[in-house]
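Below you'll find the structure, written out as structure tokens, and then a few comments.
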Amino acid sequence: MKEFELYEPESIEEASRLLAKFGGRGRILAGGTDLLVELKRGQLNLAAVINLKKIKGLNKIRFTKKEGLRIGAMVTWTQLLESKPVSRHYPLLRKAAEKMGCMQIRNVGTLAGNLAHASPAANGPIPLLIYEATCVIQGPNGRRVIPVEKIFGGVQKNTLRRSEVLTEILVPLPLAGAQGTYYKFGLRRAMDLAVVGVGALVRTKNGTFDEVRIALGSVAPKPFRVKKAERLLKGKRIEDRLIRDAGETAAAESAPASARPSASAGAAQPGTAPRPRICFPAQRQPTGRARAA
0 MKEFELYEPE SIEEASRLLA KFGGRGRILA GGTDLLVELK RGQLNLAAVI
50 NLKKIKGLNK IRFTKKEGLR IGAMVTWTQL LESKPVSRHY PLLRKAAEKM
100 GCMQIRNVGT LAGNLAHASP AANGPIPLLI YEATCVIQGP NGRRVIPVEK
150 IFGGVQKNTL RRSEVLTEIL VPLPLAGAQG TYYKFGLRRA MDLAVVGVGA
200 LVRTKNGTFD EVRIALGSVA PKPFRVKKAE RLLKGKRIED RLIRDAGETA
250 AAESAPASAR PSASAGAAQP GTAPRPRICF PAQRQPTGRA RAA
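For the sequence shown, numbering that gives the first Met the number 0 begins at 0 and goes up steadily by one.
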């Protein structure tokens with residue numbers, strides 16, 4: 000591991016100033032599950048690592064029925080699993096947390112770090128895309144809020160400016176009466192990157208798809224909402240044929256071969272990646288059971 004200086008600022012403003020000072024050779028440390036591995040492998044040449052652990056309030060989860068969920072940048076996956084509001088109102092987010100590596104990773108890894116690392120195979124983005132979350136970003140020019148999809152710039156590239164810090168994730172209340180699910184398909188069950196990640200949230204009305212949200216991960220350079228498949232279903236009667244057509248549409252929008260940096264990192268090869276499965280709450284199934292196409 001190459002030598003670097005470790006800083007522990009006590010405010011976001013101080014962290015932002017340190018990022019500006021060190022330019023591209025400064026990096027934020029939240030949980031460190033990705034950063035520390037890259038440092039140990041000698042993949043990064045950093046002058047400074049800026050640990051956010053001493054900044055008050057970043058490790059908090061807040062929920063109100065008016066605004067929804069506020070997740071600080073230092074909130075761990077274990078905290079999400081133990082949160083009653085997350086379990087009660089955001090089942091897709093809880094499901095993603097359940098599938099996040101081993102207990103040791105869940106205890107230190109953060110949702111914000113999962114977003115900032117911008118891996119196409121990450122667990123966190125899919126439920127956040129489904130719930131239409133936003134990211135709070137703070138830098139020398141003040142605070143800005145962007146849709147979660149705007150934080151992804153490409154494979155392991157985020158859109159944060161050099162001196163900006165992702166401080167909070169805002170998740171509005173989910174659609175009333177909607178049901179959904181999240182699936183992570185990997186080659187092995189334990190601690191594996193997703194070959195395909197898929198989430199769906201559906202609200203039905205009088206036998207039709209009243210509202211549909213679908214998101215995919217690991218099948219393109221960035222996780223994304225499958226808008227064509229959503230439009231195909233919305234307002235239509237619930238039929239198996241239509242669900243199969245939506246699955247075909249989702250598969251056509253994906254690009255598995257470019258989703259990860261290299262084959263050695265687990266990239267899906269042309270013709271080998273499984274097709275996305277689109278899962279919907281079954282008709283007349285109030286318990287939330289799902290069927291897939």
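Ideal Cβ placement from N, Cα and C applies to all residues, glycine included.
- Excluding residues up to 5 positions away in sequence, L57, N58, K59, I60, T109, L110 and A111 lie with their Cβ nearer than 8 Å to the Cβ of V74 in the same chain.
- According to DSSP, Q137 shares a beta bridge with R142 and V164.
- Put simply, the backbone Cα of G31 is about 11 Å away from that of R105.
- Taking a C-beta distance under 8 Å as the contact criterion, V170 and Y182 do not qualify as a contact pair.
- For A132, same chain residues with a beta-carbon under 7 Å away, outside a window of 5 residues either side, are V147, I168, L169 and V170 in chain order.
- Look at D244 here: in three-state DSSP terms it is helix.
- In this structure, V225 places its C-beta atom within 8 Å of the C-beta atom of L215.
- DSSP places Q178 in the strand class (E or B) of the three-state scheme.
- The segment 242-250 makes contact with the segment 225-234; the number of CB pairs closer than 8 Å reaches 3 or more.
- A straight line joining the alpha-carbon of T158 with that of F151 spans about 6 Å.
- Cβ-Cβ separation between I49 and R24: approximately 11 Å, too far for a contact (criterion under 8 Å).
- Here the C-alpha atom of C101 lies approximately 42 Å from the C-alpha atom of N205.
- Per DSSP, the continuous alpha helix (DSSP H) segment holding E13 begins and ends at I11 to F21.
- The shortest CA-to-CA distance from L80 to any of L68, A96 and R87 is the one to A96.
- Ranked by how close their Cα comes to the Cα of Y130, the residues V164, G67, G138 and W76 have G67 in first place.
- A direct Cα-Cα distance of roughly 31 Å separates A120 from G141.
- Shown here for P84: same chain residues with a beta carbon closer than 8 Å to its own, the five before and five after excluded, namely I60, F62 and L68 in chain order.
- Excluding the 5 residues flanking it on each side, T207 has same chain C-beta neighbours closer than 8 Å at G234, K235, R236 and I237, in chain order.
- Where L159 is concerned, there is no enclosing alpha helix (DSSP H), because DSSP gives it neither an H nor an E.
- Within the same chain, Cβ atoms closer than 6 Å to the Cβ of I136 are found at R143, E163 and L165, the five residues on either side in sequence being excluded.
- Inter-residue distance for A115 and R202 is about 30 Å (C-alpha atoms, whole angstroms).
- Cβ-Cβ distances below 8 Å link R161 to L18, A19, G22 and G23 in the same chain, with the five nearest sequence neighbours on each side left out; the list follows chain order.
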